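Report on the structure given below.
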Amino acid sequence: MEGRILATMFLFMIIMVASPSPSSCARLNGFPTTYTLRDDGAIGYYGDQVAAATSNSFHDKEYGDVFATPNTFKEYYRPLANRQTDDDLQAFPDAWRSLAKSEFNVMNYGAVGNGQVDDTQAFLKAWGDVCGSTQGLPALIIPKGNTFLLNSVEFKGPCKAASVNFQLSGNIVAPNNINAWKDKEKWIQFYDVEGLIINGGGQIDGQGEVWWKVCDNSNCQRPTSVLHIYQCDGLRLSDITHINSPRNHIFIMGSNGVQISDILIRAPDESPNTDGIKISRSTNINIHNSFIGTGDDCIAIISGSSHINITNVMCGPGHGISVGSLGKEGAYNTVEDVQVRNCTLKGTDNGARIKTWQGGSGYARNISFEDIIIQEVKNPIIIDQKYIDKSIAGTGTLLGQGSAVKVSDVTFRNIRGSVAGETAITLDCDDQIGCKNIVMDNIDLTSSVPGKKVSAQCKNVQGFSTSLSPSVPCL
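One gets my numbering by counting positions in the sequence shown from 1 and adding 100 to each.
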């Protein structure tokens, strides 16, 4: 009897010693012990660090030390000392199994991840399981350390779960041969996926150089966008890098309740029509804490869009932050309720801009640009109701129609900085329609060349101004 008791006690001691603690489970199963998150008040790395992080053939530019270092959580999972209970020990493996069932790694579906083999079908197979899952937050995992070649692909909903996660931790690259593109209109499209979350710290490379070299607006049509978001209400897009799109980098269309933050978009300043983010027929869009530097508009807001908030965005190089263009070829277009605040524009061709074509109709109204820093921008403030795209001159404008997109209730407030050109403010409105209720308050723009003066131009504008330098003659 005594021997059996001793044997039982000995066996119990072995079990206690061998049983892993939750933290050791984390180590044994490769659960990360460190994890870097972006501070919501910071954007990430800038300047030379950005160039190193993107590792592409950009023309290096200096942007200054504008951003802070991200916060680091040194322990992803840290059990409280002397607080573990039987329920705690049971909850850990249960949570682990739930997490495992919700993650769908593309490597388990045949993806190679060497940047050479087409992994499109593996991604689609994994997406099918993600979209069909109802377990927790289903996540498609694109692992760090791999580069995945994708051809034109559509990730289609609706999905069964209320929200799904496209966790991009690795890199995705487009074909570097134009003829290899199966769909030359779009590359990566998400369609009808409600509650979509795209994040993970990875990179999307559109390999646009091959298109820029052989295409222009006269001889071939480049893809509309690299990342095309269509009818994806509740989108959360954050913590990704997006480089070198053939044309638009991110196109948001027909979506409501979108949050975009902590992203880096970059392409050479000479790359044609490479808008950073384009928004069309969408509402309640919030873009903040991001850096965008491209060859066209950093952000362009076009027809059918309303309730757009842009905050803490660094723009440059590029063509600034624009409403429009609107009214091309006589179209009826509308944009309203746009707020751009606390943004910096550096080395851009334009700054805060509204552009509409002659002969169009509709309206651009209730728009404000406030607390904007201008650094060596050629044309900091523009309303152009007679817009012409010089790259496609001779198209888009219908003259002698007696109509124009109405521009009204626009505010420029607390804008200061340096001007690289000669004209700091241009308000060029239609002879018949004009621009109404234009407010300019506390504007201080001076030449980047010491001692040189800058001017303002104004035509067919109604409104008022206070504390304005340079002065606007018609306000």
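Each residue gets a CB set at the ideal place from its N, CA and C atoms; glycine is no exception.
Note that this is a predicted model, so its numbers are computed, not measured.
Practice task
Round the Cβ separation of Asp-544 and Ser-569 to the nearest angstrom and send it over; I've been treating them as touching at under 8 Å.
Solution key: Taking the first residue of the sequence shown as 1, we reach residue 544 at position 444. Taking the first residue of the sequence shown as 1, we reach residue 569 at position 469. Rounded, the Cβ-Cβ distance is 5 Å, consistent with contact.
Exercise for the section: Enumerate in chain order the residues of its own chain whose CB-to-CB distance from Ser-155 is below 8 Å, with the five nearest sequence positions on each side excluded. Expected result: Working through the sequence shown from its first residue, we reach residue 155 at position 55. Unreliable placement is indicated for Ser-155, whose pLDDT of 38 sits below 50; the coordinate value is still reported in the next sentence. Contacts found: none.
Handout entry: Distance CB(Gly-300)-CB(Ile-343) smaller than 8 Å
Key = Taking the sequence shown and counting its residues from 1, the one referred to as residue 300 is at position 200. Taking the sequence shown and counting its residues from 1, the one referred to as residue 343 is at position 243. Taking 8 Å as the Cβ cut-off, Gly-300 and Ile-343 do not qualify as a contacting pair.
Handout entry: Segment limits, alpha helix (DSSP H) that includes Val-230
Key = For this step, residue 230 is matched to residue 130 along the sequence shown. Note, Val-230: alpha helix (DSSP H), 220 to 232.
Exercise for the section: Note down the Cα distance separating Ile-379 from Asp-397, rounded to an integer number of angstroms. Expected result: For the purposes of this step, residue 379 is identified with residue 279 of the sequence shown, where counting begins at 1. For the purposes of this step, residue 397 is identified with residue 297 of the sequence shown, where counting begins at 1. So the alpha carbons of these two residues sit roughly 11 Å apart.
Practice task
Drop a sphere of 10 angstroms on the beta-carbon of Glu-429, count the other beta-carbons inside from all chains shown, and report buried for 16 or more, exposed for fewer.
Solution key: Working through the sequence shown from its first residue, we reach residue 429 at position 329. Exposed, because fewer than 16 other Cβ atoms sit within 10 Å of the Cβ of Glu-429.
Problem - Through-space distance from Gly-395 to Glu-370, alpha-carbon basis - result: Along the sequence shown, one-based indexing puts residue 370 at 270. Along the sequence shown, one-based indexing puts residue 395 at 295. Their backbone Cα atoms lie some 5 Å apart in a straight line.
Exercise for the section: To the nearest angstrom, report how far apart Ser-547 and Val-206 are at their CA atoms. Expected result: The residue you call residue 547 lines up with position 447 of the sequence shown. The residue you call residue 206 lines up with position 106 of the sequence shown. If you take the alpha carbons of Ser-547 and Val-206, they lie about 53 Å apart.
Problem - Residue burial classification, Val-549 (beta-carbon count within 10 angstroms, cutoff 16) - result: In the sequence shown, the residue the question calls residue 549 occupies position 449. It is exposed - the Cβ of Val-549 has fewer than 16 other Cβ atoms within 10 Å.
Exercise for the section: Spell out whether any CB of chain D is found under 8 Å from the CB atom of Thr-526. Expected result: This model lacks chain D altogether, as it is built from one protein chain only.
Exercise for the section: Compute the distance between the beta-carbons of Ile-472 and Ile-515, then report whether it is under 8 Å. Expected result: As a first step, residue 472 must be located in the sequence shown, where it is residue number 372. As a first step, residue 515 must be located in the sequence shown, where it is residue number 415. Yes, these two residues count as a Cβ contact at 8 Å.
Problem - Ser-202 - DSSP class collapsed to helix/strand/coil - result: By 1-based counting over the sequence shown, the position of residue 202 is 102. Of the three classes helix, strand and coil, the one that applies to Ser-202 here is helix, per DSSP.
Problem - Distance, Ile-538 Cα to Ile-482 Cα - result: Numbered from 1 along the sequence shown, position 382 holds the residue referred to as residue 482. Numbered from 1 along the sequence shown, position 438 holds the residue referred to as residue 538. If you take the alpha carbons of Ile-482 and Ile-538, they lie about 12 Å apart.
Problem - The beta strand (DSSP E) enclosing Lys-286, as first and last residue numbers - result: Start at 1 with the first residue of the sequence shown, and residue 286 comes out as number 186. Lys-286 -> beta strand (DSSP E) spans 286 to 291.
Problem - DSSP three-state assignment for Val-314, whether helix, strand or coil - result: Position 214 of the sequence shown, counting from 1, holds the residue named residue 314. Helix at Val-314.
Handout entry: Gly-418 (DSSP reduced to helix, strand or coil)
Key = Counting from one through the sequence shown, the residue named residue 418 turns up at place 318. Three-state DSSP puts Gly-418 in coil, outside helix and strand.
Exercise for the section: Return the first residue and the last residue of the beta strand (DSSP E) that Val-358 is part of. Expected result: Taking the sequence shown and counting its residues from 1, the one referred to as residue 358 is at position 258. Counting along the chain, the beta strand (DSSP E) containing Val-358 begins and ends at 356 to 361.
Practice task
Using only alpha-carbon positions, find the residue among Lys-313, Leu-335, Trp-281 and Gly-354 that is nearest to Val-326.
Solution key: Position 226 of the sequence shown, counted from the first residue, corresponds to residue 326. Among Lys-313, Leu-335, Trp-281 and Gly-354, the Cα nearest to that of Val-326 belongs to Trp-281.
Problem - For Ile-533: DSSP bridge partner residues - result: Numbered from its first residue, the sequence shown carries residue 533 at position 433. DSSP lists no partner for Ile-533.
Handout entry: Thr-374 burial status per 10 Å Cβ neighbour count (16 or more: buried)
Key = Start at 1 with the first residue of the sequence shown, and residue 374 comes out as number 274. By the neighbour-count rule (16 or more Cβ atoms within 10 Å), Thr-374 is buried.
Handout entry: DSSP beta-bridge partners of Cys-443
Key = Residue mapping note: residue 443 aligns to position 343 of the sequence shown, counting from 1. In the DSSP output, where bridge partners are listed per residue, Cys-443 has Ile-472.
Handout entry: Spatially closest choice to Pro-275 from Ile-399, Asp-305 and Asp-437, by CA coordinates
Key = Sequence index remark: in the sequence shown, residue 275 carries index 175 (1-based). The shortest C-alpha separation from Pro-275 is found at Asp-305.
Practice task
Buried or exposed for Pro-573, please, with buried defined as at least 16 other CB atoms from any protein chain shown within 10 angstroms of its CB.
Solution key: Taking the sequence shown and counting its residues from 1, the one referred to as residue 573 is at position 473. So Pro-573 ends up on the exposed side.
Problem - Rounded separation between Leu-249 and Val-264 - CA only - result: On the sequence shown, position 149 is the one that residue 249 refers to. On the sequence shown, position 164 is the one that residue 264 refers to. Roughly 22 Å between the two C-alpha positions.
Practice task
Identify which residue in Ile-467, Val-438 and Ala-431 has its Cα closest to the Cα of Thr-383.
Solution key: The residue labelled residue 383 in the question sits at position 283 within the sequence shown. Closest by alpha carbon: Val-438.
Practice task
Taking all protein chains shown into account, decide if Tyr-432 is buried (16 or more other Cβ within 10 angstroms of its Cβ) or exposed.
Solution key: What you label residue 432 is simply residue 332 of the sequence shown in a count that begins at 1. Under this definition Tyr-432 is an exposed residue.
Handout entry: Continuous beta strand (DSSP E) stretch holding Cys-558: start and end
Key = Counting from 1 along the sequence shown, the entry for residue 558 is found at position 458. Segment 555 to 559, the beta strand (DSSP E) holding Cys-558.
Problem - Supposed contact pair Arg-381 and Thr-405 - C-beta distance, whole angstroms, cut 8 Å - result: Walking along the sequence shown from the start, residue 405 turns up at place 305. Walking along the sequence shown from the start, residue 381 turns up at place 281. Contrary to the premise, residue 405 reads as Ser rather than Thr in this sequence. With a Cβ gap of about 7 Å, Ser-405 and Arg-381 count as contacting.
Practice task
Identify every residue that forms a DSSP beta bridge with Asn-384.
Solution key: On the sequence shown, position 284 is the one that residue 384 refers to. Note: Asn-384 sits in no beta bridge, so no partner.
Exercise for the section: Measure the alpha-carbon distance for Gly-354 versus Asp-292 and round it to whole angstroms. Expected result: Walking along the sequence shown from the start, residue 354 turns up at place 254. Walking along the sequence shown from the start, residue 292 turns up at place 192. Each residue's alpha carbon lies about 10 Å from the other.
Problem - Asn-560 versus Asp-530: straight-line alpha-carbon distance, rounded - result: As a first step, residue 560 must be located in the sequence shown, where it is residue number 460. As a first step, residue 530 must be located in the sequence shown, where it is residue number 430. Rounded to the nearest angstrom, the two C-alpha atoms are 7 Å apart.
Exercise for the section: Compute the distance between the beta-carbons of Tyr-487 and Gly-563, then report whether it is under 8 Å. Expected result: Stepping through the sequence shown from its first residue, residue 487 is reached at position 387. Stepping through the sequence shown from its first residue, residue 563 is reached at position 463. Contact: no.
Problem - DSSP-derived helix/strand/coil call for Arg-127 - result: Stepping through the sequence shown from its first residue, residue 127 is reached at position 27. Unreliable placement is indicated for Arg-127, whose pLDDT of 34 sits below 50; the coordinate value is still reported in the next sentence. Arg-127 falls in the helix class under three-state DSSP.
Exercise for the section: May I have the straight-line CA-CA distance separating Gly-460 from Ser-422, to the nearest angstrom? Expected result: Translated into positions along the sequence shown, residue 460 becomes position 360. Translated into positions along the sequence shown, residue 422 becomes position 322. In a straight line, the C-alpha of Gly-460 is about 17 Å away from that of Ser-422.
Problem - Between the CA atoms of Gly-418 and Gln-267 - distance to the nearest angstrom - result: Counted from its first residue, the sequence shown places residue 267 at position 167. Counted from its first residue, the sequence shown places residue 418 at position 318. Straight-line Cα distance between these residues: approximately 29 Å.
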